[in-house]
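Chemist: In this note's numbering, the protein residues as written are -5 to 128.
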């Protein structure tokens, strides 16, 4: 006879927040999903901190400029982006860019840290919608 195990933990909704361009995130922002839309700008991550994790997702069109997620520390972003079905290597990057002329609702980037680096995974519909630079 199968055994069913339940952990009685209250499930909560993730914290969603409109992105504030020109800001620097802190460890207290870990676990949040940031909504990217409107005017672009730069958001800087804190120095890599073990356990830190965030998600950025486009929820409206980017109308004037790219939105840049800066690593906070040079050459600390690693991972991959799937852009229009092609895998893009994120290798010792400084930033991830949501490109305003190619963005699509639902494009996203997940970022997490082990305390030494930031690890990145993202997905975008349109060619050139997500880039890694630096």
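Here a beta-carbon is modelled for each residue, glycine too, at the ideal position from N, C-alpha and C.
1. So, with DSSP's three-state summary, where would you put residue 41?
2. For the 8 Å Cβ check, are there 3 or more pairs between the stretch 29 to 39 and the stretch 55 to 73?
3. Are residue 121 and residue 78 close, meaning C-beta to C-beta below 8 Å?
4. Using only the alpha-carbon positions, how far apart do residue 101 and residue 71 sit?
5. Residue 119 and residue 92: beta carbons closer than 8 Å?
6. Suppose contacts are defined by Cβ-Cβ distances below 8 Å. Is residue 40 in contact with residue 18 by that definition?
7. Could you spell out where the beta strand (DSSP E) holding residue 28 opens and where it closes?
8. Nearest to residue 97 by alpha carbon, out of 69, 37, 38 and 51?
9. Less than 8 Å between CB atoms is the rule here; does residue 83 satisfy it with respect to chain C?
10. Classify residue 16 as buried or exposed, calling it buried when 16 or more other Cβ atoms lie within 10 Å of its own Cβ.
11. Rounding to the nearest angstrom, what Cα-Cα distance links residue 107 and residue 56 in this structure?
12. On the DSSP bridge list, what partners appear for residue 124?
13. Check the DSSP bridge columns for residue 77 and list the partner residues they point to.
14. Thinking C-alpha only, which one of 23, 21, 54 and 75 is nearest residue 114?
Modeler: Reading from the atomic positions:
1. Translated into the one-based positions of the chain shown, residue 41 becomes position 47. Of the three classes helix, strand and coil, the one that applies to residue 41 here is coil, per DSSP.
2. yes
3. Position 127 of the chain shown, counted from the first residue, corresponds to residue 121. Position 84 of the chain shown, counted from the first residue, corresponds to residue 78. By the CB criterion at 8 Å, residue 121 and residue 78 fall inside the cutoff.
4. The residue labelled residue 101 in the question sits at position 107 within the chain shown. The residue labelled residue 71 in the question sits at position 77 within the chain shown. Looking at the two C-alpha atoms, the distance is approximately 18 Å.
5. As a position in the chain shown, residue 119 is number 125, starting the count at 1. As a position in the chain shown, residue 92 is number 98, starting the count at 1. Taking 8 Å as the Cβ cut-off, residue 119 and residue 92 do not qualify as a contacting pair.
6. To locate residue 40, count along the chain shown from 1; it is residue 46. To locate residue 18, count along the chain shown from 1; it is residue 24. In contact: residue 40 and residue 18 (Cβ atoms closer than 8 Å).
7. On the chain shown, residue 28 is found 34 positions in, with the first residue counted as 1. Here the beta strand (DSSP E) through residue 28 covers 26 to 32.
8. As a working mapping, residue 97 is identified with position 103 in the chain shown. Of 69, 37, 38 and 51, the residue nearest in Cα terms is 51.
9. Within the model displayed, chain C is absent; a lone protein chain is all it includes.
10. Looking up residue 16 in the chain shown gives position 22. Flag for residue 16 reads exposed.
11. Within the chain shown, the letter at position 113 stands for residue 107. Within the chain shown, the letter at position 62 stands for residue 56. Cα to Cα, the separation comes out at about 27 Å.
12. Taking the first residue of the chain shown as position 1, residue 124 is located at position 130. 92.
13. Numbered from its first residue, the chain shown carries residue 77 at position 83. Bridge partners of residue 77: 80 and 118.
14. The count along the chain shown starts at 1 and reaches residue 114 at position 120. Residue 75 holds the alpha-carbon nearest to the alpha-carbon of residue 114 among 23, 21, 54 and 75.
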